[in-house]
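A.B. asks: Numbering (the UniProt record's numbering), first residue to last: 1 to 331. The C-beta atom is built at its ideal place from N, Cα and C for all residues, glycine as well.
(1) Keeping to the same chain, check which residues put their C-beta closer than 7 Å to that of residue 297; ignore five residues upstream and five downstream.
(2) Under the three-state reduction of DSSP, which class applies to residue 138: helix, strand or coil?
(3) For residue 216, which residues of its own chain have a beta-carbon under 7 Å away from its beta-carbon, when the five flanking residues on both sides are left out?
(4) How close, in whole Å, do the beta carbons of residue 218 and residue 243 come, if the pair is a contact with beta carbons under 8 Å?
(5) Please specify which runs of the beta strand (DSSP E), each continuous and at least 3 residues long, are wholly inside the region 80-129, giving them in chain order.
(6) What's the C-alpha gap between residue 100 and residue 94?
(7) Between which two residues does the beta strand (DSSP E) harbouring residue 254 extend?
(8) Let me know if residue 301 comes out buried or exposed under the rule of 16 or more other beta-carbons within 10 Å of its beta-carbon.
(9) Would the beta-carbon of residue 15 fall within 8 Å of that of residue 115?
(10) Would you be able to state if there are at least three C-beta pairs under 8 Å between the region 5-25 and the region 62-72?
(11) State the CB to CB distance for the pair residue 103 and residue 78, rounded to an integer number of angstroms; the pair is presumed to be in contact (CB under 8 Å).
(12) Please say whether residue 158 and residue 188 have beta carbons closer to each other than 8 Å?
(13) With DSSP as the reference, please indicate the residues paired to residue 214 in a beta bridge.
(14) Excluding sequence positions up to five away, which residues of its chain have a Cβ less than 6 Å from the Cβ of residue 192?
(15) Flag this pair as touching only if the region 248-266 and the region 221-234 have three or more C-beta atom pairs under 8 Å; answer yes or no.
(16) Quick one: give me the first and last residue of the beta strand (DSSP E) that residue 35 is part of.
(17) Can you check which of these residues, 316, 205 and 226, is closest to residue 245 by C-alpha distance?
(18) Under a Cβ-count criterion, where at least 16 other Cβ atoms within 10 Å of its own Cβ denotes burial, should residue 200 be classed as buried or exposed?
(19) Touch check for the region 109-124 and the region 39-49: three-plus C-beta pairs under 8 Å?
(20) Looking at the unbroken alpha helix (DSSP H) that takes in residue 182, where does it start and where does it end?
(21) Tell me the rounded alpha-carbon separation between residue 290 and residue 145.
(22) Exposed or buried, residue 277, counting other C-beta atoms within 10 Å across all chains shown (16 or more means buried)?
(23) So the candidates are 177, 248, 13 and 56; which of them puts its Cα closest to the Cα of residue 19?
(24) Using DSSP with H/G/I as helix, E/B as strand and the rest coil, what is residue 5?
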């Protein structure tokens, strides 16, 4: 029996999004356009700079965004991540459930993790992440029954940066393989690829059935400059590959074939969650009867739609008719 199209495992964070100008990043001495880990004091300083600005708050973290995307498209999704016994943790849990995501969790004694997402006028997002409770996710939190009832388990690469969370990620993959559940894995961030390149290759050549990455991550991983060469090199070791190319589209590799997917031109407002939305839409497609080319087509349109707005949640959800127009399915 299958309960979930996709079951996600990730760092449970509440995203706090704000539009800022470059001077805020300069004053905070933050590198633009990447994710930086910060402690409680540093995060407090960052949030202090946002006083008086309009803020958008939502349950987040890379894998959570992808799982929500699946639910928003009409798929069935579950998620496990660690939150605290505090109002922010309660907000995370209720937000996920309101969006249709099944989530069971034993709260941590630590506060719920947060991610300050600073969005500049060029649509770049700079993320300051305080992991807090999310870093306490452990093997004891991974539920074999839920994973066994899924078509795919989806793992975010960020989990590999902590000892406990890495063990949890590997336990989820172990359960997936035991029950013939497919494993999808996202590289998450170029810094991660640079830090643990060999480990990611081991995963690609081992338990991972579908690997998500962007152009920079693929180039770092393979040493090639051409995206197609990167995708082909990864596909030699991994059954399925989805390589995103920003507004140039993406490359999907399946069954020895390449499927170039067009980019959808929009006025970019905020790139937050674009890759997460792409992964969610692709996973929704392949777990709901679409072929890989069509699923990539849907993923490209979904990513474009989220880039053209603020935040990682779709303001204008796809209707069944729109999904039907993007696919060969009769809905």
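C.D. replies: Short version:
(1) Position 297 of the chain shown holds residue 297. Result list for residue 297: 261 and 326, in chain order.
(2) What you label residue 138 is simply residue 138 of the chain shown in a count that begins at 1. It is coil, neither helix nor strand.
(3) Taking the chain shown and counting its residues from 1, the one referred to as residue 216 is at position 216. These residues qualify, in order along the chain: 190.
(4) Here residue 218 refers to the residue found at position 218 when the chain shown is read from its first residue. Here residue 243 refers to the residue found at position 243 when the chain shown is read from its first residue. Yes, residue 218 and residue 243 are in contact; Cβ-Cβ is about 5 Å, under 8 Å.
(5) Runs found: 101-103 and 113-119.
(6) Here residue 100 is taken as the residue at index 100 of the chain shown, counted from 1. Here residue 94 is taken as the residue at index 94 of the chain shown, counted from 1. Using only the alpha carbons, I get a separation of about 10 Å.
(7) Within the chain shown, the letter at position 254 stands for residue 254. It spans 250-254 - the beta strand (DSSP E) in which residue 254 sits, taken as one unbroken run.
(8) The sequence position of residue 301 within the chain shown is 301, counting from 1. By the neighbour-count rule (16 or more Cβ atoms within 10 Å), residue 301 is buried.
(9) Numbered from 1 along the chain shown, position 15 holds the residue referred to as residue 15. Numbered from 1 along the chain shown, position 115 holds the residue referred to as residue 115. Cβ atoms of residue 15 and residue 115: closer than 8 Å.
(10) With contact defined as three or more Cβ pairs closer than 8 Å, the region 62-72 and the region 5-25 are in contact.
(11) In the chain shown, the residue the question calls residue 103 occupies position 103. In the chain shown, the residue the question calls residue 78 occupies position 78. Confirmed, Cβ separation roughly 7 Å.
(12) Here residue 188 corresponds to residue number 188 of the chain shown, with the count starting at 1. Here residue 158 corresponds to residue number 158 of the chain shown, with the count starting at 1. Cβ atoms of residue 188 and residue 158: closer than 8 Å.
(13) In the chain shown, residue 214 corresponds to position 214, counting from 1. In the DSSP output, where bridge partners are listed per residue, residue 214 has 244.
(14) As a first step, residue 192 must be located in the chain shown, where it is residue number 192. A distance below 6 Å between beta-carbons, with the five flanking residues on each side excluded, links residue 192 to the following residues of its chain, in chain order: 157.
(15) yes
(16) In the chain shown, counting from the first residue as 1, residue 35 sits at position 35. Unbroken beta strand (DSSP E) run through residue 35: 35-37.
(17) Sequence index remark: in the chain shown, residue 245 carries index 245 (1-based). If we check each option's Cα against that of residue 245, 226 comes out closest.
(18) Residue 200 sits at position 200 when you count from the first residue of the chain shown. Per the 10 Å Cβ criterion, buried.
(19) yes
(20) Position 182 of the chain shown holds residue 182. Here residue 182 belongs to no alpha helix (DSSP H); instead the beta strand (DSSP E) covers 182-186.
(21) As a working mapping, residue 290 is identified with position 290 in the chain shown. As a working mapping, residue 145 is identified with position 145 in the chain shown. Cα-Cα distance, rounded: 26 Å.
(22) Here residue 277 refers to the residue found at position 277 when the chain shown is read from its first residue. Buried, since its Cβ has 16 or more Cβ neighbours within 10 Å.
(23) Here residue 19 is taken as the residue at index 19 of the chain shown, counted from 1. Among 177, 248, 13 and 56, the Cα nearest to that of residue 19 is on 56.
(24) Within the chain shown, residue 5 is the residue found at index 5, counting from 1. Note: residue 5 maps to strand in three-state DSSP.
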